[in-house]
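Using UniProt numbering, the letters of the sequence shown map in sequence onto residues 1 to 493. Note that beta-carbon positions come from the ideal geometry of N, C-alpha and C, so glycine has one too.
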Amino acid sequence: MALRNSTDKASAVLHLENDPSDPKASLSDDDQTIDPIAEAKMMRKIDFRLIPALFLLFLLAFLDRSNIGNARIQGMTRDLHMTGRDYNIALFIFFPPYIIFEVPCNILIKKMKPSTFLSIIMVFWGIATTAQGFVKNTAALAGCRFLLGFFEAGFFPGCVYLISMYYKRFELQRRFTFFFCASIISGSFSGLLAYAIAKMNGVGGYGGWRWIFILEGLFTVIVGIASKWFIADWPEQATFLTDEEKRMLRVRLRSDGGEARMNRLDKAARRRVFSDWKMYCGILMYLGVVNCSYSTSFFVPTIIQELGFTAEAAQVRSIPVYVCATLGAILTAFATDFFRHRYAFCILGIVIASVGEILLLVGASVSVGVRYFAVFAITTGTYVTQPVTLTWIQNNMGGHYKRSISSAMMVGFGNVGGIVASNVFLVEEAPRYPTGYGVSLGLLWVCAIACTVLLWGLWRENKKRDRGERDYRLQSQEVDNLGDDYPTFRFIY
Numbered sequence: 001m002a003l004r005n006s007t008d009k010a011s012a013v014l015h016l017e018n019d020p021s022d023p024k025a026s027l028s029d030d031d032q033t034i035d036p037i038a039e040a041k042m043m044r045k046i047d048f049r050l051i052p053a054l055f056l057l058f059l060l061a062f063l064d065r066s067n068i069g070n071a072r073i074q075g076m077t078r079d080l081h082m083t084g085r086d087y088n089i090a091l092f093i094f095f096p097p098y099i100i101f102e103v104p105c106n107i108l109i110k111k112m113k114p115s116t117f118l119s120i121i122m123v124f125w126g127i128a129t130t131a132q133g134f135v136k137n138t139a140a141l142a143g144c145r146f147l148l149g150f151f152e153a154g155f156f157p158g159c160v161y162l163i164s165m166y167y168k169r170f171e172l173q174r175r176f177t178f179f180f181c182a183s184i185i186s187g188s189f190s191g192l193l194a195y196a197i198a199k200m201n202g203v204g205g206y207g208g209w210r211w212i213f214i215l216e217g218l219f220t221v222i223v224g225i226a227s228k229w230f231i232a233d234w235p236e237q238a239t240f241l242t243d244e245e246k247r248m249l250r251v252r253l254r255s256d257g258g259e260a261r262m263n264r265l266d267k268a269a270r271r272r273v274f275s276d277w278k279m280y281c282g283i284l285m286y287l288g289v290v291n292c293s294y295s296t297s298f299f300v301p302t303i304i305q306e307l308g309f310t311a312e313a314a315q316v317r318s319i320p321v322y323v324c325a326t327l328g329a330i331l332t333a334f335a336t337d338f339f340r341h342r343y344a345f346c347i348l349g350i351v352i353a354s355v356g357e358i359l360l361l362v363g364a365s366v367s368v369g370v371r372y373f374a375v376f377a378i379t380t381g382t383y384v385t386q387p388v389t390l391t392w393i394q395n396n397m398g399g400h401y402k403r404s405i406s407s408a409m410m411v412g413f414g415n416v417g418g419i420v421a422s423n424v425f426l427v428e429e430a431p432r433y434p435t436g437y438g439v440s441l442g443l444l445w446v447c448a449i450a451c452t453v454l455l456w457g458l459w460r461e462n463k464k465r466d467r468g469e470r471d472y473r474l475q476s477q478e479v480d481n482l483g484d485d486y487p488t489f490r491f492i493y
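Below you can see the structure in the form of structure tokens.
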């Protein structure tokens with residue numbers, strides 16, 4: 001579907017957009033010109049200051065939440081006398097606090113400097129990770145996992161929110177995917193690191209799996225303390241930008257976002273945010289695909305080991321799986337921004353992942369090599385789709401409060417898929433896991449259906465706006481706080 005020129009009006013709106021208390025944010029900025037050379041220099045500065053720092057932090061966050069999969073095959077379940085579904089419970093307990101506290105955290109981060117908020121929660125989740133290396137039983141492990149979920153709750157949606165405040169809509173996907181690739185790379189990085197750390201088995205009287213938690217957690221604490229000085233803050237607080245660069249940033253983002261503003265979270269704004277069907281569609285999209293994401297991070301080492309490899313060989317053989325997924329995600333990011341289209345790339349990833357799930361469902365009748373290929377397909381397809389779903393929803397949310405809450409709702413409640421993933425790979429069904437693969441396949445197509453509904457709904461709404469059927473909103477008393485309900489805002493597909 002071709003997009004009209006008006007589609008270029010985006011929802012990427014700065015914290016300081018038209019804030020009457022900020023004289024620099026006046027509408028007169030819109031009439032000022034931008035030097036293309038200076039603009040390119042500013043964008044390079046933002047790219048190098050914003051993305052690498054958040055990439056490192058997200059790599060550690062995902063490492064700390066998923067290293068339990070590596071610890072499992074290094075003897076954790078044996079040493080803690082875990083039986084039945086104890087491991088599934090330890091995975092599950094991470095998610096309730098992670099889901100519940102995402103929206104409050106994303107409202108809180110808006111009122112604080114991101115560098116302060118993110119560094120504080122990082123130190124605490126690093127402590128929770130380290131503590132897992134000293135637990136004596138399943139209950140203590142579950143308690144640490146609960147705290148880990150609580151402290152990590154504000155990190156990912158906060159980063160999504162922060163990144164979206166600096167870029168235009170069709171600049172966002174590749175930047176966000178580079179950041180998101182930290183979670184993919186952590187899969188290969190964790191396997192390699194766990195393989196090395198496991199050789200410390202017996203040092204200090206601790207098993208190798210304990211050292212995985214202890215060393216990775218301590219490193220997170222150290223980086224968390226240091227991160228206060230290298231995480232970028234909101235654009236108007238950015239010390240690495242000059243006043244002129246801040247002005248240019250305001251101008252270029254207003255040219256992309258138009259009048260789609262939401263600077264007040266009053267009763268009317270809350271009603272608009274929480275009644276927006278797009279947000280709930282996004283939750284279903286994310287839930288469907290994130291189930292596969294967590295399935296791979298929690299169970300890929302186990303799945304590969306059960307193909308007949310030793311624990312160490314399974315760790316090493318998980319590395320190329322994530323390298324392939326990283327390349328797929330990056331290529332998709334450039335393609336979806338280049339073609340200015342999201343839907344088809346979401347479906348492409350779902351189809352690829354579905355092929356892998358089907359191959360594993362019929363695993364008894366195919367060779368080990370084919371099943372190993374299936375792991376590649378599931379992981380690559382999942383990570384092609386997942387970052388695009390997040391960016392697609394953010395592209396179609398206007399105003400920073402709308403973005404803040406919608407990103408937290410999508411990530412938070414979408415992570416119910418993580419709860420599902422942690423409970424459907426049943427130990428008594430190993431190594432075939434029919435329930436796990438069957439549920440994952442079904443949820444992938446829940447994501448596909450939700451993507452299709454979103455596509456149809458956005459197309460239909462754009463047609464109504466083209467015909468002037470939403471112009472009555474211009475007479476509303478809240479015309480300056482409509483977000484993407486503003487009649488000239490156009491949605492992207």
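Whether residue i touches residue j by CB criterion (8 Å)
i, j, result
"Tyr-294", "Gly-187", "no"
"Thr-389", "Gly-282", "yes"
"Val-316", "Tyr-195", "yes"
"Val-160", "Ser-476", "no"
"Ala-260", "Gly-399", "yes"
"Gly-154", "Glu-102", "yes"
"Ile-185", "Leu-108", "no"
"Tyr-493", "Met-410", "no"
"Gln-237", "Lys-113", "yes"
"Ala-198", "Leu-141", "no"
"Phe-491", "Asn-462", "yes"
"Met-76", "Glu-245", "no"
"Gly-288", "Val-446", "yes"
"residue 511", "Ile-46", "As shown, the chain starts at 1 and ends at 493. That puts residue 511 outside it, with no answer to give."
"Leu-57", "Leu-118", "yes"
"Cys-292", "Ser-440", "yes"
Collapsed DSSP secondary structure at residue i in the structure displayed
i, result
"Phe-373", "helix"
"Phe-101", "coil"
"Asn-106", "helix"
"Ser-190", "helix"
"Asp-233", "coil"
"Asn-201", "coil"
"Gly-282", "helix"
"Gly-45", "Here the sequence assigns Lys to residue 45, which means Gly is not the residue at that position. Of the three classes helix, strand and coil, the one that applies to Lys-45 here is helix, per DSSP."
"Ser-354", "helix"
"Pro-36", "helix"
"Val-251", "helix"
"Asn-18", "Its pLDDT being 37, under 50, Asn-18 is placed unreliably in this model, and the coordinates cannot settle the point."
"Gln-173", "helix"
"Asp-484", "helix"
"Gly-349", "helix"
"Glu-245", "helix"
"Ala-238", "coil"
"Asn-396", "coil"
"Thr-310", "coil"
"Ile-264", "In the sequence on display, residue 264 carries Arg and not Ile. Coil, per DSSP."
"Tyr-493", "coil"
"Ser-275", "coil"
"Arg-270", "helix"
"Tyr-195", "helix"
"Gln-477", "coil"
"Thr-302", "helix"
"Ser-367", "coil"
"Thr-391", "helix"
"Ala-25", "Below a pLDDT of 50, predicted positions are generally treated as unreliable, and Ala-25, at 41, falls in that range; no measurement from the model is reported."
"Tyr-167", "coil"
Unbroken alpha helix (DSSP H) run spanning residue i, endpoints
i, result
"Thr-220", "208 to 227"
"Glu-152", "138 to 152"
"Asp-337", "319 to 338"
"Ser-119", "114 to 131"
"Asn-70", "68 to 71"
"Val-160", "155 to 164"
"Phe-92", "86 to 92"
inquiry  = For the pair the region 67 to 74 and the region 207 to 226, tell me if three or more CB-CB distances fall below 8 Å.
reply    = yes
Handout entry: Complete alpha helix (DSSP H) runs within the region 410 to 475 (minimum length 4 residues, chain order)
Key = 416 to 424 and 434 to 466
Check whether the region 445 to 465 and the region 341 to 356 touch, using three or more Cβ-Cβ pairs below 8 Å as the test. yes
- Validate contact between the region 176 to 183 and the region 377 to 392 using beta carbons, cut 8 Å, 3 pairs: yes
Can you find at least 3 beta carbon pairs, one from the region 349 to 358 and one from the region 219 to 234, that sit closer than 8 Å?
-> no
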